[in-house]
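Structural data, given as structure tokens:
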């Protein structure tokens with residue numbers, strides 16, 4: 275798996291960029307706010323079809339035109355493919371101070387495709403500082419991690435996830451109608467059964483994925499953190515999901531929402547037997563999350579036969595020298611890696627010597643020799 279070339283047009287602070295990353299370690303240096311994270315985000319879009327951090331696609335539009343474009347020439351399973359994602363602001367332009375509702379178009383090898391067709395064509399494993407929420411915030415962040423992994427390795431998971439979300443939405447609407455005596459309770463039966471069937475499929479996939487993640491994450495973390503023990507545990511729905519959904523009906527009617535199912539899943543993260551939320555230091559949390567991201571890449575590689583492209587944003591900050599050295603040693607054989615940093619200081623001279631090093635300033639990328 276490799277990104278052969280990247281082309282950006284009017285994407286965030288990049289008016290124009292044409293880039294050919296090296297096959298191994300790529301280091302991008304630059305002060306905060308110059309476009310390092312935007313660059314990684316654009317590469318991630320080629321795998322995910324949408325930005326993993328923008329709330330609205332209009333945020334991706336640069337200042338010089340009502341269109342933005344991300345295009346990548348990628349290599350997967352020995353085959354070169356072209357992926358293009360275009361963002362178009364509608365006409366007429368919105369009133370001042372408002373973001374436009376942008377439209378997205380996806381093309382693969384010049385042919386229009388849907389978003390569900392893209393995952394699996396090009397795969398990435400992405401870390402940036404916001405991912406620390408995996409170790410210290412609510413379960414929705416850890417569910418997002420599982421979904422991101424599974425859409426890349428499980429055929430049909432993206433469609434199952436989409437169908438499940440629609441069923442939960444329909445059931446929630448019907449719950450409120452039943453509570454208001456606008457519909458009979460029997461109307462819920464078909465939605466309960468559909469929700470249970472899809473939910474059990476998702477739970478099986480997630481349980482298997484967490485087991486694989488746990489094994490690889492424990493190994494990576496022990497190497498990086500000097501033997502410190504990292505554990506992951508899947509906290510999913512009951513095995514008989516339909517029975518649990520039916521048993522929760524009184525509470526669901528009171529709440530007007532579905533309280534049981536994989537949309538309530540969690541992954542418990544522990545260091546030396548204690549949950550990372552509430553006790554782990556910032557450095558420990560960062561090491562744990564980086565280990566999980568390396569594990570994600572290992573699972574993708576094991577399942578597909580090709581390691582994903584690793585995208586690591588400011589990954590070395592807040593790590594002590596020993597952990598930095600251990601992490602960089604793991605990256606040496608990880609395939610194509612794109613990593614950002616404010617300065618080159620965290621990188622040993624031998625790492626810089628065998629890497630492609632470039633500097634980013636105000637949306638411009640230049641070589642550093």
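In this note's numbering, the protein residues as written are 275 to 643.
Positions of the beta carbon are idealized from the N, C-alpha and C atoms, including for glycine.
Cβ neighbour criterion (16 or more within 10 Å) applied to residue i
i, result
"residue 640", "exposed"
"residue 553", "exposed"
"residue 548", "exposed"
"residue 558", "buried"
"residue 483", "buried"
"residue 595", "exposed"
"residue 331", "buried"
"residue 458", "exposed"
"residue 306", "exposed"
"residue 517", "exposed"
"residue 588", "buried"
"residue 619", "exposed"
"residue 329", "exposed"
"residue 466", "buried"
"residue 627", "exposed"
"residue 610", "buried"
"residue 503", "exposed"
"residue 338", "exposed"
"residue 463", "exposed"
"residue 572", "buried"
"residue 486", "buried"
"residue 556", "exposed"
"residue 576", "exposed"
"residue 316", "buried"
"residue 290", "exposed"
"residue 352", "exposed"
"residue 460", "exposed"
"residue 308", "buried"
"residue 510", "buried"
For residue i, three-class secondary structure by DSSP
i, result
"residue 614", "strand"
"residue 447", "helix"
"residue 418", "helix"
"residue 345", "strand"
"residue 525", "helix"
"residue 514", "coil"
"residue 377", "strand"
"residue 335", "strand"
"residue 426", "helix"
"residue 340", "coil"
"residue 284", "strand"
"residue 303", "strand"
"residue 571", "helix"
"residue 455", "coil"
"residue 236", "Since the first and last residues shown for the chain are 275 and 643, residue 236 lies out of range."
"residue 557", "helix"
"residue 533", "coil"
"residue 590", "coil"
"residue 327", "coil"
"residue 316", "helix"
"residue 403", "helix"
Other residues of its chain near residue i: CB distance less than 8 Å, five sequence neighbours each side excluded
i, result
"residue 621", "301, 590, 602, 615, 629"
"residue 512", "518, 534"
"residue 411", "551"
Bridge partner(s) assigned by DSSP for residue i
i, result
"residue 505", "544"
"residue 357", "346, 382"
"residue 641", "632"
"residue 398", "583"
"residue 387", "380"
"residue 564", "DSSP output for residue 564 lists no bridge partner at all."
"residue 549", "544"
"residue 732", "Residue coverage of the chain in this structure runs from 275 to 643, which leaves residue 732 outside it and unanswerable."
"residue 393", "396"
"residue 276", "349"
6 Å Cβ shell around residue i - same chain, five flanking residues per side excluded
i, result
"residue 499", "561"
"residue 345", "281, 358"
"residue 393", "425, 426, 432"
"residue 505", "544"
"residue 567", "399, 401"
"residue 625", "602"
"residue 278", "347, 349"
"residue 310", "302, 304, 614, 634"
"residue 314", "585, 587"
Close Cβ partners of residue i (< 7 Å) along its chain, the five nearest in sequence each way excluded
i, result
"residue 437", "472"
"residue 479", "424, 428, 431"
"residue 488", "505, 506"
"residue 597", "498, 499, 561"
Min CB distance residue i to chain B below 7 Å
i, result
"residue 524", "No chain B appears in the structure shown, which is made up of a single protein chain."
Contact test: residue i Cβ vs the ligand SAH heavy atom, cutoff 6 Å
i, result
"residue 527", "Ligands displayed in this structure: none; no statement on the ligand SAH is therefore possible."
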